[in-house]
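Below is one structure, written out as structure tokens; comments come after it.
There are 2 protein chains.
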Amino acid sequence: MAVVKRGPYAKGTAKREEILSVALEVVAAKGCRKASNREIAERVGLTQAGLMHHFASREELYQEVLRARDIRDHEMFFAPDPTIEGFLAVIAHNAEVPGLVRLYVEFSAEASIPEHPAHAFFLERYAWLRDGLSGVILRAQDAGVIGPAVDVSAAVDLIVAAADGLQLQWLNDHTVDMVARLRRLWDGLVAVSHAA
Amino acid sequence: MAVVKRGPYAKGTAKREEILSVALEVVAAKGCRKASNREIAERVGLTQAGLMHHFASREELYQEVLRARDIRDHEMFFAPDPTIEGFLAVIAHNAEVPGLVRLYVEFSAEASIPEHPAHAFFLERYAWLRDGLSGVILRAQDAGVIGPAVDVSAAVDLIVAAADGLQLQWLNDHTVDMVARLRRLWDGLVAVSHAA
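Chains as they are written, first to last, in full-length UniProt numbering: chain A, 1 to 196; chain B, 1 to 196.
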């Protein structure tokens with residue numbers, strides 16, 4: 001599947017990767033609000049106009065950093081079939097990449113206003129994540145782990161909400177064990193699902 | 001307990017209240033990132049320097065909007081003793097004040113970076129909230145609702161995380177029933193707490 005890229009396209013792709021990586025470093029160090037296109041452009045040796053040639057806006061740039069992360073996470077932890085252990089592995093991995101957690105927490109909050117250019121991206125991402133986690137629950141139900149009394153949609157909302165909220169907590173206090181907390185939530189969902 | 005305020009102090013207090021209220025309207029309409037001190041100042045009939053006389057910075061202003069909300073919520077729903085129903089009532093009330101939810105979600109995310117001027121405010125607020133919710137769980141335990149097998153600290157983290165994450169979801173989709181989701185979480189925590 002590996003494609004050997006050459007010529008100007010390969011150069012463009014390499015530059016694009018470099019920009020995504022530097023954008024992440026700048027956000028990790030300064031936060032989303034203080035991070036500037038000017039600094040990102042300078043650090044990759046481009047003018048701001050040159051940077052905008054690769055990404056039309058700050059919002060597109062951040063969105064693409066997060067999209068690249070999702071693709072990697074999906075390949076590493078979720079393929080071929082998502083499981084709760086795969087999801088917890090993504091969360092455990094998050095604790096290794098604080099810059100991405102910071103970008104995700106800040107940028108998803110900022111983009112919650114419908115007029116935001118990345119609003120549609122997050123809605124689409126959320127639908128994708130819901131879909132994956134619904135599959136996790138249905139497969140756990142098939143396996144008899146989760147009982148019949150479960151509202152899949154509500155359970156998914158809750159798992160995503162807890163994962164989002166825990167990332168914010170973890171940014172404030174790196175001793176918060178996100179995985180242990182989510183495992184407890186899962187145990188609670190399992191317990192309630194077997195109730196009469 | 002009502003104090004009749006007069007003279008310049010009363011004037012200052014009224015202006016302060018007006019600023020907090022207008023700041024909230026501007027954030028509700030534009031989001032935290034696009035809201036500007038200039039617009040807030042204009043709408044309350046002050047120069048930006050005049051606005052800064054009341055609040056030293058954008059960050060102090062937003063922080064004080066949230067602090068005023070917490071004081072009101074606490075009086076309305078939590079005093080004298082916090083209960084889970086009181087907490088759920090705060091969440092239900094949030095759905096009536098989308099501007100506050102937007103400000104809270106965006107500003108708490110932005111402030112997660114340790115260098116942020118409101119970072120200490122959110123840490124302090126979090127400790128206060130943890131304290132209230134720990135009391136909720138311990139009293140529920142005394143009443144026999146929550147069983148012995150509960151890690152109070154972990155349960156509190158999870159409730160706050162879910163409430164935070166659900167507010168973000170609700171901003172994106174007002175049909176998300178935050179209270180029903182949190183009640184399910186509580187039921188799960190109750191179920192697991194009675195496990196052998």
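Just so it is clear, CB atoms sit at the ideal spot from N, CA and C, and this is done for glycine as well.
What separation, rounded to the nearest whole angstrom, lies between the Cα atoms of residue i and residue j?
i: residue 69(A); j: residue 178(A); result: 19 Å
i: residue 65(A); j: residue 186(B); result: 35 Å
i: residue 132(A); j: residue 79(A); result: 10 Å
i: residue 94(B); j: residue 73(B); result: 10 Å
i: residue 15(A); j: residue 37(A); result: 15 Å
i: residue 83(B); j: residue 136(B); result: 5 Å
i: residue 142(B); j: residue 148(B); result: 10 Å
i: residue 172(B); j: residue 162(B); result: 15 Å
i: residue 184(A); j: residue 189(B); result: 8 Å
i: residue 192(B); j: residue 155(A); result: 16 Å
i: residue 174(A); j: residue 168(B); result: 21 Å
i: residue 90(A); j: residue 128(A); result: 15 Å
i: residue 145(A); j: residue 92(B); result: 32 Å
i: residue 100(B); j: residue 28(B); result: 7 Å
i: residue 57(A); j: residue 104(B); result: 26 Å
i: residue 19(A); j: residue 41(A); result: 8 Å
i: residue 115(A); j: residue 158(B); result: 31 Å
i: residue 122(A); j: residue 49(B); result: 37 Å
i: residue 13(B); j: residue 108(B); result: 26 Å
i: residue 55(B); j: residue 23(B); result: 11 Å
i: residue 88(B); j: residue 44(A); result: 49 Å
i: residue 102(A); j: residue 77(B); result: 32 Å
i: residue 197(B); j: residue 134(B); result: No statement about residue 197(B) is possible, as the shown extent of chain B runs from 1 to 196 and does not include it.
i: residue 120(B); j: residue 194(A); result: 42 Å
Residue i CB to nearest chain B CB: under 8 Å?
i: residue 94(A); result: no
i: residue 124(A); result: no
i: residue 112(A); result: yes
i: residue 149(A); result: no
i: residue 172(A); result: yes
i: residue 185(A); result: yes
i: residue 169(A); result: yes
i: residue 105(A); result: yes
i: residue 24(A); result: no
i: residue 127(A); result: no
i: residue 145(A); result: no
i: residue 4(A); result: For residue 4(A), the predicted structure reports a pLDDT of 48, less than 50, and the residue's modelled location is therefore unreliable. The matter cannot be settled from this model.
i: residue 97(A); result: no
i: residue 181(A); result: yes
i: residue 90(A); result: no
i: residue 108(A); result: yes
i: residue 164(A); result: yes
i: residue 38(A); result: no
i: residue 14(A); result: no
i: residue 86(A); result: no
i: residue 189(A); result: yes
i: residue 195(A); result: yes
Residue i CB to nearest chain A CB: under 8 Å?
i: residue 58(B); result: no
i: residue 161(B); result: yes
i: residue 192(B); result: yes
i: residue 134(B); result: no
i: residue 157(B); result: yes
i: residue 154(B); result: yes
i: residue 116(B); result: yes
i: residue 70(B); result: no
i: residue 41(B); result: no
i: residue 176(B); result: yes
i: residue 35(B); result: no
What first and last residue would you give for the alpha helix (DSSP H) that runs through residue i?
i: residue 119(A); result: 119-142
i: residue 98(A); result: 98-110
i: residue 187(A); result: 178-193
i: residue 159(A); result: 152-172
Quick one: grab the DSSP three-state call for residue i.
i: residue 93(B); result: helix
i: residue 115(B); result: coil
i: residue 45(A); result: coil
i: residue 12(B); result: helix
i: residue 34(A); result: coil
i: residue 145(B); result: coil
i: residue 86(B); result: helix
i: residue 2(A); result: Low confidence applies here, because residue 2(A) scores a pLDDT of 46, under 50, leaving its location unreliable; read the following figure in that light. Residue 2(A): coil per DSSP, three-state reduction.
Can you tell me whether residue i sits near the ligand ADP, meaning its C-beta is under 7 Å from at least one heavy atom of the ligand?
i: residue 163(A); result: The ligand ADP is absent from the structure shown, which contains no ligands of any kind.
Task: Entirely enclosed alpha helix (DSSP H) segments - the stretch 48-84 of chain A, minimum 4 residues - done: Fully enclosed alpha helix (DSSP H) runs of 4 or longer: 48-54, 58-73.
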